[in-house]
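Here's the structure, in structure tokens; my notes come after.
2 protein chains.
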Amino acid sequence: MGATGESSDIVEQQGARELLLDTASSIMREGDQVDISLSELSLRSGLNSALVKYYFGNKAGLLKALLDRDMTTIVKSVDALVEKDSMDPEVKLRRHIAACIDTYYAYPYLNRLLMRLVRDSDESEAQRIADKYLTPLGQAYDKFIGAGIKKGVFRQIDPQLFYFTVTGAADRFFSARLVLRHCYGTDTLTENLRDRYREHTVDFIMAGILAPPAA
Amino acid sequence: MGATGESSDIVEQQGARELLLDTASSIMREGDQVDISLSELSLRSGLNSALVKYYFGNKAGLLKALLDRDMTTIVKSVDALVEKDSMDPEVKLRRHIAACIDTYYAYPYLNRLLMRLVRDSDESEAQRIADKYLTPLGQAYDKFIGAGIKKGVFRQIDPQLFYFTVTGAADRFFSARLVLRHCYGTDTLTENLRDRYREHTVDFIMAGILAPPAA
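In order, the protein sequences belong to chains Z and V.
Mapping to the working numbering: the first sequence position 34 is 34, numbers consecutive.
Counting the second sequence from 1 gives a position; the working numbering is that position plus 215.
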């Protein structure tokens with residue numbers, strides 16, 4: 001940490017905090033796992049691992065901060081979509097599914113990180129995670145899928161069960177990275193495969209949910 | 216181990232091996248994770264943990280044996296379905312999706328165990344797992360989805376990408392157990408919820424894949 005005055009110290013600290021999160025995210029993404037070693041984090045970021053203690057308390061605090069960073073982005077973007085009153089439910093859902101694919105391409109560890117933190121946290125922290133990220137997503141699904149059902153655009157389905165269909169399809173693909181390498185000699189984290197899987201998933205799920213045209 | 220003669224020893228050993236696998240499976244299922252402590256395994260099974268070393272070498276060997284047990288069942292049942300030449304592709308797929316839901320209800324840890332073993336194994340063992348379990352499933356999808364596309368019953372989709380849609384939807388639900396408890400105050404591993412999710416998933420995926428009736 002430089003000693004060039006308070007304001008530049010703060011700037012530098014914010015940069016270091018973000019850099020630690022970005023680096024932790026890259027390590028998990030590349031290694032297809034939800035754990036990191038602090039020595040690798042220090043090596044890759046070029047920052048002293050004492051900074052993890054400074055910003056996050058410990059490794060668990062770092063993982064929590066990473067979950068907060070990634071989930072906040074998702075909840076905000078789903079909320080923004082739900083609030084577009086003039087947008088057709090079908091268009092909304094297409095955009096949402098495409099965004100899910102892009103999210104799991106960017107953060108393939110996200111669902112596993114969420115499960116790990118809920119499992120390893122005490123009751124009140126697990127409840128905070130559920131209240132802050134999962135319940136709002138559930139409510140958003142109720143609204144924007146419910147609106148499509150009411151308009152007769154979507155079939156009668158349970159929005160909460162549908163949530164698992166969408167996120168499961170998105171999550172599974174990108175979290176199977178190391179498995180795929182051995183089966184197909186390919187890496188799932190290429191933009192080309194992401195684009196193919198996005199197209200497949202949007203088409204497939206829309207075909208599954210759209211109400212058949214009235215006879 | 217009793218000393219009542221060779222043949223009863225063998226019977227006892229086979230029973231003990233199965234009991235260790237069954238108990239490890241229950242611990243992972245209930246704890247929503249893919250790890251076990253040998254002391255818990257010993258306590259729950261009533262067997263000395265030295266038997267793990269005897270039958271499996273070490274914990275990694277036990278995990279591998281559990282994966283082999285569960286995946287062999289799946290590959291066999293998918294192969295049997297594919298070989299029913301007289302069965303309609305649509306009926307086959309409905310049965311397969313329902314079986315997937317039941318499999319992940321019974322072994323919710325299965326995909327995570329697979330990924331863990333592929334990641335933690337050396338190159339040749341990872342390749343063995345891929346060759347023995349994943350490639351046959353991929354080939355089965357090519358055959359029975361391909362047959363439906365050829366008959367015009369299914370839309371033109373990529374069977375390999377479709378594999379991720381199906382297993383992702385099945386896996387995600389039952390592996391979100393602890394998360395759901397905090398959101399909905401419910402446990403996903405109830406037969407009632409399994410049945411509801413099975414119905415939802417079969418309906419949804421069939422609606423997604425069936426070709427629209429000819430105009």
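Glycine included, each C-beta is placed from N, C-alpha and C at the ideal position.
Q: Would you kindly work out how many angstroms separate the C-alpha atoms of residue 201 of chain Z and residue 264 of chain V, rounded to a whole number?
A: 46 Å
Q.
Determine, for residue 146 of chain Z, whether the minimum Cβ-Cβ distance to residues of chain V falls below 8 Å.
A. no
Q. With 16 other CB atoms within 10 Å as the buried threshold, where does residue 386 of chain V fall?
A. buried
Q. Is DSSP giving residue 425 of chain V helix, strand or coil here?
A. strand
(Q) Can you tell me which residues form a DSSP beta bridge with residue 204 of chain Z? (A) None, per the DSSP bridge assignment.
Q | Pair within 8 Å by beta-carbon distance, residue 66 of chain Z and residue 113 of chain Z | A | yes
Q: List the residues of chain V whose Cβ lies closer than 9 Å to the Cβ of residue 72 of chain Z, in chain order.
A: Result: empty, since nearest Cβ-Cβ is about 17 Å, beyond 9 Å.
Q.
By the 7 Å beta-carbon criterion, what residues does the segment 342-355 of chain V contribute toward chain Z?
A. 342, 345, 349, 350 and 353
**Q.** Per-residue DSSP class, three states only, for residue 89 of chain Z
**A.** helix
Q: Kindly say whether residue 333 of chain V, judged by its beta-carbon, lies nearer than 8 Å to any beta-carbon of chain Z.
A: yes
Q: With 8 Å as the threshold, decide whether the Cβ of residue 208 of chain Z is near any Cβ in chain V.
A: yes
Q | Entirely enclosed alpha helix (DSSP H) segments - the segment 335-371 of chain V, minimum 4 residues | A | 338-344 and 350-365
Q. What did DSSP end up calling residue 109 of chain Z once you bin it into helix, strand or coil?
A. coil
Q. Is the Cβ of residue 242 of chain V closer than 8 Å to any Cβ of chain Z?
A. no
Q. So the alpha helix (DSSP H) residue 36 of chain Z belongs to, where does it begin and stop?
A. Premise fails: residue 36 of chain Z is in no alpha helix (DSSP H) and is neither H nor E.
Q.
For a cutoff of 8 Å on Cβ pairs, would you count residue 199 of chain V as touching chain Z?
A. Coverage of chain V is limited to positions 216 through 430, which leaves residue 199 of chain V absent and any answer about it impossible.
Q | Residue from Z:30, Z:32 and Z:55 whose Cα sits closest to the Cα of residue 19 of chain Z | A | Z:55
Q: Could you check the C-alpha separation between residue 101 of chain Z and residue 303 of chain V for me, to the nearest Å?
A: 32 Å
Q: Quick one: residues in its chain with C-beta nearer than 8 Å to the C-beta of residue 432 of chain V, no 5 flanking neighbours on either side, listed in chain order?
A: No statement about residue 432 of chain V is possible, as the shown extent of chain V runs from 216 to 430 and does not include it.
Q. If you count every other CB in all the chains shown that lies within 10 Å of the CB of residue 212 of chain Z, and 16 or more means buried, which is it?
A. exposed
Q: Answer with yes or no whether the minimum CB distance from residue 216 of chain V to chain Z is below 8 Å.
A: Because the pLDDT at residue 216 of chain V is just 42, under 50, the model does not fix this residue reliably, and the point stays unresolved.
**Q.** Span separating the alpha-carbon of residue 15 of chain Z from that of residue 125 of chain Z
**A.** 27 Å
Q: Check whether the Cβ of residue 303 of chain V lies closer than 8 Å to any Cβ atom in chain Z.
A: no
Q: Note down, in chain order, each residue of its chain lying with its Cβ closer than 7 Å to the Cβ of residue 260 of chain V, except the 5 sequence neighbours on either side.
A: 234, 235 and 238
Q | For residue 346 of chain V and residue 179 of chain Z, the rounded distance between their alpha carbons | A | 11 Å
Q | Proximity of residue 348 of chain V and residue 374 of chain V at Cβ, strictly below 8 Å | A | no
Q. With 8 Å set as the bound, which would you pick, yes or no: does the beta-carbon of residue 223 of chain V sit closer than that to a beta-carbon of chain Z?
A. Per-residue confidence for residue 223 of chain V stands at a pLDDT of 46, beneath the threshold of 50, marking its modelled position as unreliable; the derived number appears in the next sentence. By this cut-off, residue 223 of chain V is not an interface position.
Q: Assign residue 167 of chain Z to one of two classes, buried (16 or more other C-beta atoms within 10 Å of its C-beta) or exposed (fewer than that).
A: buried
Q: Please report the Cβ distance between residue 322 of chain V and residue 285 of chain V, rounded to the nearest whole angstrom; I am assuming they are in contact, meaning their Cβ atoms lie under 8 Å.
A: 5 Å
Q.
Let's test the definition: count the other Cβ atoms within 10 Å of the Cβ of residue 217 of chain V and tell me whether it reaches 16, buried, or not, exposed.
A. At residue 217 of chain V the pLDDT is 42, less than 50, meaning the model places this residue with poor confidence; the figure from the coordinates comes in the next sentence. When all chains shown are included, residue 217 of chain V counts as exposed.
Q | Interface residues of chain Z facing residue 386 of chain V [CB-CB closer than 7 Å] | A | 168 and 172
Q: Return the first residue and the last residue of the alpha helix (DSSP H) that residue 80 of chain Z is part of.
A: 59-82
Q) Hey, quick one: how far does the alpha helix (DSSP H) through residue 171 of chain Z stretch, first residue to last? A) 159-174
Q) Within the 8 Å Cβ cut-off, does residue 412 of chain V reach chain Z? A) yes
Q: Assign residue 424 of chain V to buried or exposed, taking buried as 16 or more other Cβ atoms, counted over all protein chains shown, within 10 Å of its Cβ.
A: buried
**Q.** Interface partners of residue 201 of chain Z on chain V, CB under 9 Å
**A.** 376, 379 and 380
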